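Chains A and B supply the protein sequences, listed in that same order. If you use this note's numbering, the first sequence corresponds to residues 1 to 468, in order. If you use this note's numbering, the second sequence corresponds to residues 469 to 748, in order. Data block below; observations after.
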Amino acid sequence: MPEPKKKKTLDLNRREMPKQPPEVRRYNFDEVALGYTMETAIEEARRCIQCPAPKCVDNCPVEIDIPSFVKYVAEGDFAQGIKILKQKNCLPAVCGRVCPQEEQCEETCSLGKKHGQIAIGRLERFLADWEATQGEPEIPQMAPPTGRKVAVIGGGPAGLTVAGDLIKLGHRVTIFEALHKMGGVLIYGIPEFRLPKAIVGREVEYLRALGVEIVTDFVVGKTRTVDSVLEEYDAVFVGSGAGLPWFMEIPGENLNGVYSANEYLTRMNLMGGFLFPQFHTPIKRHKCVAVLGGGNVAMDCARTALRLGAESRIIYRRSRQELPARLEEVENAEEEGVIFDFLTLPIRYIGDDNGWVKEIECLKMTLGEPDASGRRRPIPIEGSETIYPVDAVVCAIGNSPNPLIAATTPGLELGKKGNIVADEQTGKTSRDRIWAGGDVVTGAATVILAMGAGRKAARSIHEYLCSL
Amino acid sequence: MFKVLEQRMIVPNIHLLRLEAPAVARAAKPGQFAIVRATEEGERIPLSIADWSPEDGTVTIVFMNVGSSTRKLAALKSGSSIPTVVGPLGNPTEIGPYGTVLCVGGCYGIGSIYPVARALKTAGNRVISVIEARSSYLFYWEDRLESVSDRLIHITRDGTKGYRGHVGRLPEIIKSIEEPIHRVIINGCTFLLMRGSEITRPQSIPTVVSLNPIMIDGTGMCGVCRVTVGSVTRFACVHGPDFDGHQVDWAELLKRRKMYMTEEVVPLRTSRCEEHAIRS
C-alpha cells in the first residue's frame, strides 16, 4: 500500500501549475493560471527539505514563516497553513499571484539549483484559494481595544496591510479611498486575467470583518486635508500610490488614441470597460495597439489589447534581457501572440485629419555600455526611422507619486521626484504623527514591497500609539 | 451611497441635482467639480458644482442631458441614492479684488458661474453677469445671479430676451459697459469658452475658462483630461479646470472631447425594453 506513495515523493521536480492554453485564453478575461490541485500542492510542499536556517524567509518583505506553512501543506493541514500565512500577510491570495517570488523567497531556495525551487507563491495561492472555499474566514485573536484611532489614506496594498496589522493590535482604523472601489492598483491596474477582482474583494471584506472602517469616494487632500484628519485621528498613514502617469514627451502625444497605461487599464478594470456597453464607460475596439515600455504594466496592457481583438505589440528600447517585467508574464504574453519590437524607440506620433493617432515613428537602437541602472544603455542608430501603423498607443513607462497630498500638507518633506520622504525602517515622515509607505515613497514598485513598507510603518505606528 | 434629495428638469434638457454629500459640501469652493456615478455599472462623470450648503450637507449640480450617462442621472428620482459623489475636485476659481469682472455663463455654466459671481461680489468686485441661451425660456437662476451681480445681461439666439445672437455679441456688450473690464470668467460648453476667449484676446482682457474634458478618476491618475495650455500639457483635473483662455489649444481640446462620441450614443440606440419592464 505505501509503495505508490513513496514513488510519488521520489519525484523531486518542481510541480507545474496548469494554465489556460494560450490559444484559448487570448480570447477571454478569465484567469490565466488555474492553481494547484490539492494533490499537487501536497506533492510540491513535500519537496521542501525544511532547511534549519531557511533563506526564503529573509527574502520575504513581510517575513512570512514560509517553511512552517509549507510543512502544514505537506501534511494536508491547510487550516493551520493559512493561519501561519495570515499571521504575516493579510493578502495571501493576491501575493500568491502577483509577487515576483523568483526574485524574493524562491530565489534563495536551497532546492533551486537541482530540482527547481519550492513553488512558494503557488502554495500560498493554493492555501488562500482553499480557505475561500471553506466559508467565512476565521477571525483571528484580536487585542483588546486601545481607544487609539488611525487613518489610512489609500486602499491599495500598503494601506490594506497597515489596516490589517493595526486593527489586530486593538486600534481603530479607517481607510480613506479616493476611488469608488477598494484595492488601489489591485483593482484599477492589474487585469482580471492575472488577478480576479473577486479575490481582491474577498480580502477587503476580510478587513471589514475585522472591524476596519472603509470610506470610499473620499480624496484626502481634496475632500479633507491631512491636517484636518489629524484633528480626529492619532496617526495618519499615507499610502496614496504612484498616481501621476508619465508620457514620452514626444510630438503628437495628445492625439486621440494615445493613452497612459493608467487610463487604459482603469477603463478596462475598474470601470469594467471590457464589458461595454453592459458597463457604461466607453472603450474603443482598436485594431492595432502599440504599448510603450517593458514592465509588468506594459505586459498587462498588451495582453488586454490582445483580448479585445487587437494586434498587440510591445515597443521597448532595450532588448529582451533588460525587460523589467517578470519572466513569467513575458512568456505568457509571447505565448498569447503579443509581438515584441525590441531596441526600438518611439520618436513621434502621426495623426489623421480627425486628430486620431494612425502611425508611430520609431528609431532602432543598439546597446552600449551599462548605465546607472546597470543595464546596457540604448543608443539610437542614425537613419533607422521605421513607421508602424497603429490606431492606439499605450504609454506604460511609469508614474510619479500622486501630488495631491504633498501639495496640501505643509511641512511634509519631499524627494526630487515629488515622492514623500519616509524612513525606510519605520515609514516615519518629516511630520509628527504622519507615516507613509508604498509607491508614494518609492515611486512605482511592486505590491509586496508596498506591503512590506506598510508592515514596517504599522509596527512603528503601534509603538507610537502605545507610548501615548 | 449618496442620497438624491432633488432631481428635476429646471428648463428643457437642463437638470438640477441636489445630493446629500456632507464631506463634499464642507470643502467645496467656487469653480470646483464633483465626479458622480449614477449606477454601479456607471461611468464616472465630472460635473461642476453649482451650489452647496455646509450646514445642510448638500451639493447642487446643474447638468445638461446630452449622452447615455447624463440620461441616467436625468432619470433619477428624488429620494433615491447613487453610488458615487466625490469631490470637491480641481482647483477653486481664483477670487481676488480685480475691479470689474464679467462672468459669462451658458447652458450648465449658468449654474456653475453663480457661486463664482457670488464670491467675486463678496470680494468687493463689480460683477457683471452675461448669460447666453437659445431662447429666453432656457434661462434659469436669473434671480440668484441678479442677487450677486451689479448687472445681468442676456443673449438669446432668437432675440426673445436681451441681445440677439450668441457670444459673438460680447464685443458690443463690453463696449457698452463704459468702464474697463479687468477680468472675464467663462463657464459653459467648449464652444462658448473658445469663442469668448477669441473675443477678449485682441482686447487683452485676462480671461479664465473652466475646461470640461473627458475624465475618469479626477485626481491626476489617468491623464485622459490632458490639454495643451501655452504649449505645455496640463491635466485639467489637477492643474485646472480653470485655465487662461488665451493659451488653450482649442482645436486639440475639441477633438479630444469628441473621442467617444460614437460610443456615447451606442447605449442610446439600443432598446431599453428590459429596463422599462423592470421598472413597471
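Yeah, the Cβ is synthetic: ideal placement off N, Cα and C, and Gly gets one too. Since the structure is predicted, the reported quantities are computational estimates derived from the model, not experimental observations.
ask   = Among residues of its own chain, excluding the 5 on either side of ALA178 of chain A, which ones have a beta-carbon nearer than 6 Å to its beta-carbon?
value = Only VAL219 meet the Cβ criterion.
task = Quick one: grab the DSSP three-state call for GLY630 of chain B.
result = coil
message = Quick check: is the beta carbon of ALA450 of chain A nearer than 7 Å to any beta carbon in chain B?
response = At least 7 Å separates the CB of ALA450 of chain A from every CB of chain B.
key: DSSP-derived helix/strand/coil call for THR344 of chain A   = strand
ask   = When DSSP labels each residue in this structure, what does GLY368 of chain A get in the three-state scheme?
value = strand
ask   = Hey, would you say the C-beta of PRO490 of chain B is under 6 Å away from at least one heavy atom of the ligand PLP?
value = With respect to the ligand PLP, the structure shown offers nothing to examine, as it has no ligands at all.
Listed by chain order, chain A residues near VAL553 of chain B by CB distance under 8 Å = ASP217
task = Taking only beta-carbon positions, decide if ILE517 of chain B is within less than 7 Å of chain A.
result = no
inquiry  = In this structure, how does DSSP classify SER68 of chain A when only helix, strand and coil are distinguished?
reply    = helix
ask   = Using a beta-carbon distance below 7 Å, is GLY698 of chain B in contact with chain D?
value = Absence of chain D from the displayed structure is noted, the protein chains being A and B.
query = Taking Cβ-Cβ distances shorter than 7 Å, what residues in chain B pair up with SER260 of chain A?
reply = The answer, in chain order, is CYS690, GLY691.
ask   = Comparing the C-beta of MET532 of chain B with each C-beta of chain A, is any distance below 7 Å?
value = no
Contacting residues, own chain, Cβ-Cβ under 8 Å from GLU334 of chain A (five flanking each side not counted) = PHE340
ask   = Do ILE120 of chain A and GLU106 of chain A have their CB atoms nearer than 7 Å?
value = yes
message = According to DSSP, simplified to helix, strand and coil, what is TYR728 of chain B?
response = TYR728 of chain B: coil per DSSP, three-state reduction.
inquiry  = For a cutoff of 7 Å on Cβ pairs, would you count HIS280 of chain A as touching chain B?
reply    = Cβ-Cβ to chain B under 7 Å: yes for HIS280 of chain A.
key: C-alpha distance - THR446 of chain A paired with VAL530 of chain B, whole-angstrom precision   = 42 Å
query = Can a CB atom of chain B be found closer than 7 Å to the CB of LYS222 of chain A?
reply = yes
8 Å contact criterion, which GLY567 of chain B and GLY656 of chain B should meet: CB distance rounded = Rounded, the Cβ-Cβ distance is 23 Å, inconsistent with contact.
key: Amino acids of chain A, ordered along the chain, whose beta-carbon sits closer than 8 Å to that of ARG505 of chain B   = HIS180
ask   = Could you check where the alpha helix (DSSP H) with LEU588 of chain B kicks off and where it finishes?
value = 577–590
ask   = Taking buried to mean at least 16 other C-beta atoms within 10 Å of its own C-beta, is LYS6 of chain A buried or exposed?
value = Only weak support is given to the placement of LYS6 of chain A: the predicted model assigns it a pLDDT of 49, under 50, and the value that follows is read from those uncertain coordinates. Exposed is the call here.
Distance between beta carbons of VAL32 of chain A and GLN20 of chain A, contact taken as under 8 Å = 6 Å
ask   = So with Cβ pairs under 7 Å, would you call THR266 of chain A a contact of chain B?
value = yes
request  = Using 10 angstroms around the beta-carbon of ALA493 of chain B, count the other beta-carbons present and answer buried if the total reaches 16, otherwise exposed.
outcome  = buried
request  = Leaving out five residues on either side along the sequence, give the residues of the same chain with a beta carbon under 8 Å from the beta carbon of GLU509 of chain B.
outcome  = none
key: Cutoff 6 Å; reference GLY454 of chain A; Cβ partners in own chain excluding five residues on either side   = ALA158, THR161, VAL162, GLY437
request  = Determine which residues share a DSSP beta bridge with CYS395 of chain A and list them.
outcome  = A:SER260, A:LEU292
query = What do you reckon, are the CB atoms on LEU169 of chain A and ALA151 of chain A nearer than 7 Å?
reply = no
ask   = Closer than 7 Å, Cβ to any Cβ of chain A: which residues of the stretch 557–586 of chain B, in chain order?
value = LEU557
message = Can you tell me whether GLN425 of chain A is buried or exposed? The criterion is at least 16 other CB atoms within 10 Å of its CB, across all chains shown.
response = exposed
ask   = Cβ of ASN254 of chain A less than 7 Å from any chain B Cβ?
value = With 7 Å as the cut-off, ASN254 of chain A counts as an interface residue toward chain B.
task = Report the neighbours of GLU263 of chain A on chain B: residues whose CB is nearer than 7 Å to its CB, in chain order.
result = ILE684, CYS690, GLY691, VAL692
request  = Please list the partners that MET271 of chain A has in chain B, where partner means a Cβ-to-Cβ separation under 8 Å.
outcome  = GLU511, ARG512, ILE684
message = Going by C-alpha to C-alpha distance, which of A:ARG433, A:ILE397, A:THR40, A:VAL70 sits closest to SER228 of chain A?
response = A:ARG433
ask   = What residues in its chain sit with their C-beta under 7 Å from that of GLU192 of chain A, if we drop five residues either side in the sequence?
value = PHE29, ASN269
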